[in-house]
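Visitor:
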Amino acid sequence: MSTVNYFKPLTIYIFCLLFAACSNEGKVSEIFFETVPEVIPVNNYFSLIIQLGSEKYKHVKPSDIHVEAIMPSHGHGMNVEPIIIATDEPGRYLAKGLLFHMRGDWEVIVHVNLGKTSDRITFSSTI
Ligand SMILES: [Cu+2]
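Be aware that the sequence shown starts at 347, since it is given in this note's numbering, and climbs by one per residue.
(1) Please name the residue, chosen from ASN425, TRP452, VAL413 and THR381, that lies closest to ASN459 on a Cα-to-Cα basis.
(2) Look up PHE379 in the DSSP assignment and give the residues it is bridged to.
(3) Return yes when the Cβ of MET424 is within less than 9 Å of the Cβ of LEU445, no when it is not.
(4) Under 5 Å from any heavy atom of ligand 1, by CB: list those residues in chain order, please.
(5) Short check: CB of ASP465 to CB of ILE386, under 9 Å?
(6) Taking the beta strand (DSSP E) that ARG438 belongs to, which residues open and close that run?
(7) Ignore the nearest five residues each way along the sequence and tell me which others in ALA415's own chain have a CB closer than 8 Å to its CB.
In structure tokens form, the structure reads like this:
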């Protein structure tokens, strides 16, 4: 069981890198993230560190970022609403208060509102 958990953050990280690598296509633009703790707990709070790595995000405010998580196969989301906090580092934000209240397949979606357009990044996690 612990071996399985050990590899999950690696999977997420690799997924993240893949998304970052796809940024030239324009749909997903240099949004990086990692979970804290690395292994997403069941029925306990965790956070997401979000790094916006492009000039076009320089005017983004915490209120422009929205984070949600859903279980597509169950048709529901989380029972909580994460809050977004700016950090001291430019382009780095903290989404606090995510909670997966059941085991299964989850999808985390980070939306960044840029005014007329918005960017979105999604990653999947099975807990
Ligand atoms: Cu569910």
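Ideal Cβ placement from N, Cα and C applies to all residues, glycine included.
Guide: Let me lay it out:
(1) When only C-alpha atoms are compared, the closest one is VAL413.
(2) Looking at the DSSP assignment, PHE379 forms a beta bridge with ILE396.
(3) In this structure, MET424 lies closer than 9 Å to LEU445 by Cβ.
(4) Result: MET417, HIS420 and MET448.
(5) No, these two residues do not count as a Cβ contact at 9 Å.
(6) Counting along the chain, the beta strand (DSSP E) containing ARG438 begins and ends at 438-445.
(7) Answer for ALA415: GLY423, MET424, LEU444, PHE446, TRP452, GLU453, VAL454 and ILE455, listed in chain order.
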